[in-house]
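A.B. asks: Sequential numbering from 132 applies to the sequence shown in this note's numbering.
Encoded as C-alpha cells, here's the structure I'll be asking about.
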Amino acid sequence: MHDTSAPPTGRRDFLRLGLTGAVLAGPLAGALAGCANHDQQSGASGADPAGRALLPAYRAFQAGTPDLKGEHGASDGYFHYPAEPARTVDAKPGDGKPITAMASIWSPAPPGLPENLAWQHLNDQLGSEFQFQAVPAADYKARFATTIAGGDLPSMIELAQVPRLPELLRATCIDLTEHLTGDAVLRYPNLANLPGPAWQAGIYDGAIFGIPTDRGLWQSGILFQRSDLIKEKGLSAADLRDFGDFAAFCGELTNARKSSWALATVPIPYLRQLLGIPNGWRVDGDTLISAYEVPEQEQALQACIDLWQAGVVHPDAFAVAGNLKAKQLFGAGRVHLAWDAYAAWFQFHRENPPGTPFDLDGMPLFGFDGGTVPFHLGPPAYSVGVIPKGNEDRLETILGVWNYLAAPFGSQEYLHTTYGKEGPNFTRRGSDPVRTERGKREVLSLSCLVCPPLVGYYPEDPEPTRRFHAHQTAMAANTEPNPGRYRYSETNASDGIKINAVIDDTFNAIIQGRKPISDWAGAVATWRKDGGDKIRDELKIALEL
C-alpha cells in the first residue's frame, strides 16, 4: 500500500471529524459493525449540481510505470518502488517564511522539530519551515472548534464538522475557484493528479474551498475472505452464484465446537448490495429514495436473521466495539469472512507477513437470486483541507507547498514527504525504501491533510498486489455511487448521526430477536419524522431535483 498511513477503519471513522457525510443520511454500512468509510458532507451546490463546471482539470501524472494499471477508478499496482524516482517539482515551493498547518493524526505524535531529522529534511526540501500541529484524531473536532473560535488560524487546516459549515467557509476561508478550476490547476500538476470525484468534497455553494485527500476506492467496503483456510476445506468462493450458495458456504465454513465461524459480523452492507438496495440514496426521476425505505430492507433483515440463527456468525458480533475484534478474529483464523474497507488489504498483510500461514482475497459480488449487481462506492475523499483568509498574499506559495506534499507515489518528493531522509530515516532494499526505527518515529503523518492517489504496493510479495488489483478492477467495472454524498444538508449535519443510530439499533435488535421484524416499518416512519424527510428535501435542493 501507499506508505503514507491511511487512517484506521472502523466505527470511529463515521463519528470523528469532517463534515458528517451525506451517506450517513442513508444506512450506516454494516450498522456500524466493521464499517470503513470516512464520509464528508460538502455542498457541491450551484449552477451545476454535480460540480462539473467547477472541477479542476484532471491530468494524471505517474512518477513511474505501474506494473498493474488501474482502470475505471481502480488503483495502480506496483511490485517495487521505481528505481529512478522522478521529480515533480522544479524548485523549492517555499518563500523562506514559516507555513503553519493543523490536521488530525491516527498514529503517535512525532518528536518535535529540534530533534526530528525527517521534519528538518522536509523543511529543507520545501524552502519554508513547515510548522505542523498534529492533533490526535479523537480530539480534533474540539481542537478545530477552539481554533476557529480563537481566530488565529494556520495557513493550512483540515476541516471538521461544525454547524452551518458553508457559512463558516465563506466567512473564514479563501475561495480557491479561480486558482484551481479548469486548467488553472495545471500550474500545480500534483493537484491536477487528484481525480474529479474527490474534488467534489471541497465544493461548497458553487465554489472550490477545499483540497481533498484522495482515497479512490480505498474507503469502499468489501467482504474479505481467508482464502488459505477456505482452500484447506476444499471450497472456493468463486463457485458462489446467489445467496443460497453463500449461506450454504458459510455453513460449511463453520465449526463452533472448534471455535471456528464463517463470519466475524453479520455482513449487512454485503447483503444489501446483493439485494440491489441503494447506496445510501438513489435518484429516481425527480424523487430521492433512502435505502432505509425500500422493501428489500425487510428481505435483507430476514437474510441477516437466517445467518445469525444458523450460528455461522461469531457469537460476539454485536458485542465488539468497531471492527478491531473482527480484524483480530480474521487474522487469527477464527473467522473466514470479515467486512472492512480496501484500506485493510495491505494492513492485514503487514500484520501477517510472508512466512506466516495467512492469505486473503475479496469475496465476489452477485445478485441475491443470481445475476449481477453494482458495487457500492465509498467516499472518494477522506478529508478536505482549506486555506483561511489572511493568506491571500501567500496563496501561490501555500498552494505550491500543497502541490509538493501531494506528489505521487514513485516520485522523489513522495520519498522526502513519506519516508524522510535517506540514511537516518530509511534505507533501501533494492529500489524499495525501508523505514528505520527512527524513521517510523519521526516522519510526519500528513495523510489527513494532503494525500496523493493511493496505489497497491507490497514489495515483500507481489501476489497481494495482484489480487488487490484484480478485485478492485472487477468491482470498478460496475459501480453505484451515493448521489447524496458531498451534498450539504444542515439537518443531516446536526441530526444525521443521531437518527441513523436509532434506526440502525432497531435493525440490529431485529436480527438478534429482541424485536420483531414487523417493527421495521415503524422505525422507518420514525426516522423520516425525526429528520429523514427534511434531509431528503435539503438534498433534493442541493441536487436540483
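Ideal Cβ placement from N, Cα and C applies to all residues, glycine included.
Which residue or residues does DSSP assign as beta-bridge partners of C304?
C.D. replies: As a first step, residue 304 is located in the sequence shown; it is residue number 173 there, counting from the start. Looking at the DSSP assignment, C304 forms a beta bridge with P519.
A.B. asks: Using DSSP bridges, identify the partner residues of E289.
C.D. replies: For this step, residue 289 is matched to residue 158 along the sequence shown. In the DSSP output, where bridge partners are listed per residue, E289 has G516.
A.B. asks: Work out the CA separation of F355 and P564 for me, nearest whole Å.
C.D. replies: Counting from one through the sequence shown, the residue named residue 564 turns up at place 433. Counting from one through the sequence shown, the residue named residue 355 turns up at place 224. In a straight line, the C-alpha of P564 is about 28 Å away from that of F355.
A.B. asks: If you follow the alpha helix (DSSP H) that G653 is part of, which residue opens it and which one closes it?
C.D. replies: In the sequence shown, residue 653 corresponds to position 522, counting from 1. G653 -> alpha helix (DSSP H) spans 650-658.
A.B. asks: Indicate the three-state DSSP secondary structure (helix, strand or coil) for I641 in the structure shown.
C.D. replies: Within the sequence shown, the letter at position 510 stands for residue 641. DSSP places I641 in helix when its eight states are reduced to three.
A.B. asks: With 16 other CB atoms within 10 Å as the buried threshold, where does G281 fall?
C.D. replies: As a working mapping, residue 281 is identified with position 150 in the sequence shown. Exposed: under 16 other Cβ atoms inside 10 Å.
A.B. asks: Tell me whether G509 is buried or exposed, calling it buried when 16 or more other Cβ atoms sit within 10 Å of its Cβ.
C.D. replies: Here residue 509 refers to the residue found at position 378 when the sequence shown is read from its first residue. Note on G509: 16 or more other CB atoms within 10 angstroms of its CB, so buried under the neighbour-count rule.
A.B. asks: Tell me whether N534 sits in a helix, a strand or coil according to DSSP, three-state version.
C.D. replies: Taking the first residue of the sequence shown as 1, we reach residue 534 at position 403. The answer is helix: DSSP assigns N534 an H, G or I state.
A.B. asks: Would you mind listing the alpha helix (DSSP H) stretches within the stretch 340-396 that are 4+ residues and don't spill past its ends, in chain order?
C.D. replies: 358-363, 374-384
A.B. asks: Under 8 Å, with one C-beta from each stretch per pair, do the stretch 526-545 and the stretch 304-322 reach the 3-pair mark?
C.D. replies: yes
A.B. asks: So, helix, strand or coil for V154, using DSSP?
C.D. replies: Along the sequence shown, one-based indexing puts residue 154 at 23. Note that V154 scores a pLDDT of 28, beneath 50, so its modelled location is shaky and nothing firm can be said.
A.B. asks: For D366 and F210, I'd like the C-alpha separation in whole angstroms.
C.D. replies: Within the sequence shown, numbered from 1, the residue matching residue 366 stands at position 235. Within the sequence shown, numbered from 1, the residue matching residue 210 stands at position 79. Strictly speaking, residue 366 in this sequence is Leu, with Asp absent from that position. Those two C-alpha atoms are separated by around 29 Å.
A.B. asks: So V504 packs on G587, CB below 8 Å; how close in whole Å?
C.D. replies: Stepping through the sequence shown from its first residue, residue 504 is reached at position 373. Stepping through the sequence shown from its first residue, residue 587 is reached at position 456. 24 Å between Cβ atoms; not a contact.
A.B. asks: Relative to the C-alpha of E77, which residue among L405, T418, A273, S238 is closest?
C.D. replies: With the chain covering only 132 through 676, there is no way to say anything about residue 77.
A.B. asks: Helix, strand or coil: how does DSSP classify H602 here?
C.D. replies: Within the sequence shown, residue 602 is the residue found at index 471, counting from 1. Three-state DSSP puts H602 in a helix.
A.B. asks: Please classify H203 as buried or exposed, where buried requires at least 16 neighbouring CB atoms within 10 angstroms.
C.D. replies: By 1-based counting over the sequence shown, the position of residue 203 is 72. Here H203 is exposed: its Cβ has fewer than 16 other Cβ atoms, across all protein chains shown, within 10 Å.
A.B. asks: Nearest CA to the CA of P187: which residue from A240, R318, W476, P583?
C.D. replies: Start at 1 with the first residue of the sequence shown, and residue 187 comes out as number 56. The residue with the shortest Cα to Cα distance from P187 is R318.
A.B. asks: Taking 9 Å as the cut-off, decide whether the C-beta atoms of C304 and V517 are in contact.
C.D. replies: Taking the sequence shown and counting its residues from 1, one reaches residue 304 at position 173. Taking the sequence shown and counting its residues from 1, one reaches residue 517 at position 386. Yes, Cβ-Cβ distance for C304 and V517 is below 9 Å.
A.B. asks: Would you call V443 buried or exposed, if buried means 16 or more other Cβ atoms sit within 10 Å of its Cβ?
C.D. replies: Start at 1 with the first residue of the sequence shown, and residue 443 comes out as number 312. Buried.
A.B. asks: What does the Cβ neighbour count give for V633, buried or exposed, with the cut at 16 atoms within 10 Å?
C.D. replies: Counting from 1 along the sequence shown, the entry for residue 633 is found at position 502. Looking at its Cβ environment, which holds fewer than 16 other Cβ atoms inside 10 Å, V633 is exposed.
A.B. asks: Return helix, strand or coil for L496, following the three-state DSSP convention.
C.D. replies: Taking the first residue of the sequence shown as 1, we reach residue 496 at position 365. Coil.
A.B. asks: Return the chain-ordered list of same chain residues with a C-beta closer than 6 Å to the C-beta of T548, the five sequence neighbours on each side being excluded.
C.D. replies: Numbered from its first residue, the sequence shown carries residue 548 at position 417. If we look at T548 and ignore the five residues flanking it on each side, its Cβ neighbours are L536.
A.B. asks: Answer yes or no: do Q256 and T231 have a C-beta to C-beta separation smaller than 9 Å?
C.D. replies: Locating residue 256 in the sequence shown gives position 125, where the first residue counts as 1. Locating residue 231 in the sequence shown gives position 100, where the first residue counts as 1. In this structure, T231 does not lie closer than 9 Å to Q256 by Cβ.
A.B. asks: What do you get for R618, buried or exposed, if any count of 16 or more other CB atoms within 10 angstroms of its CB means buried?
C.D. replies: Residue 618 sits at position 487 when you count from the first residue of the sequence shown. Buried: at least 16 other Cβ atoms inside 10 Å.
A.B. asks: Please report how far the alpha carbon of L405 lies from the alpha carbon of L496, in whole angstroms.
C.D. replies: By 1-based counting over the sequence shown, the position of residue 405 is 274. By 1-based counting over the sequence shown, the position of residue 496 is 365. Computed Cα separation, rounded: 7 Å.
A.B. asks: Could you tell me how far apart the beta carbons of P216 and S542 are, in whole angstroms, since I believe they sit closer than 8 Å?
C.D. replies: Along the sequence shown, one-based indexing puts residue 216 at 85. Along the sequence shown, one-based indexing puts residue 542 at 411. Rounded, the Cβ-Cβ distance is 6 Å, consistent with contact.
A.B. asks: State buried or exposed for R218, treating a residue as buried only when at least 16 other CB atoms are found within 10 Å of its CB.
C.D. replies: What you label residue 218 is simply residue 87 of the sequence shown in a count that begins at 1. Flag for R218 reads exposed.
A.B. asks: Which residues mark the beginning and the end of the alpha helix (DSSP H) in which R274 is found?
C.D. replies: One-based indexing of the sequence shown puts residue 274 at position 143. 268-281 is the extent of the alpha helix (DSSP H) around R274.
A.B. asks: Per DSSP, which one or two residues make a beta bridge with I230?
C.D. replies: Mapped onto the sequence shown, residue 230 falls at position 99. As a beta-bridge residue in DSSP terms, I230 pairs with F261.
A.B. asks: What does the alpha-carbon distance come out to for the pair H602 and A323?
C.D. replies: As a working mapping, residue 602 is identified with position 471 in the sequence shown. As a working mapping, residue 323 is identified with position 192 in the sequence shown. About 27 Å.
A.B. asks: Tell me which residue opens and which closes the alpha helix (DSSP H) that T549 is part of.
C.D. replies: Here the question's residue 549 lines up with position 418 in the sequence shown. Start and end: 543-550.
A.B. asks: Measure the Cβ-Cβ separation of N321 and V220 and say whether it is below 9 Å.
C.D. replies: Along the sequence shown, one-based indexing puts residue 321 at 190. Along the sequence shown, one-based indexing puts residue 220 at 89. It is a contact, given that the beta carbons lie within the stated cut-off.
A.B. asks: Roughly how many whole angstroms lie between the Cα atoms of E544 and G653?
C.D. replies: The residue given as residue 544 occupies position 413 in the sequence shown. The residue given as residue 653 occupies position 522 in the sequence shown. Roughly 55 Å separates the two Cα atoms.
A.B. asks: Using alpha carbons as the reference points, say which of V655, I648, N623, N631 lies closest to K665.
C.D. replies: Within the sequence shown, the letter at position 534 stands for residue 665. When each option's Cα is compared against that of K665, the closest is N623.
A.B. asks: For A276, which residues in the same chain have their Cβ closer than 8 Å to its Cβ, ignoring the five residues on either side in sequence?
C.D. replies: Locating residue 276 in the sequence shown gives position 145, where the first residue counts as 1. Same-chain partners within the cutoff: A291, V293.
A.B. asks: Between the C-alpha atoms of V154 and I288, what's the straight-line distance to the nearest angstrom?
C.D. replies: By 1-based counting over the sequence shown, the position of residue 154 is 23. By 1-based counting over the sequence shown, the position of residue 288 is 157. Because the pLDDT at V154 is just 28, under 50, the model does not fix this residue reliably, and the value given afterwards should be weighed accordingly. Going by the C-alpha atoms only, they are around 23 Å apart.
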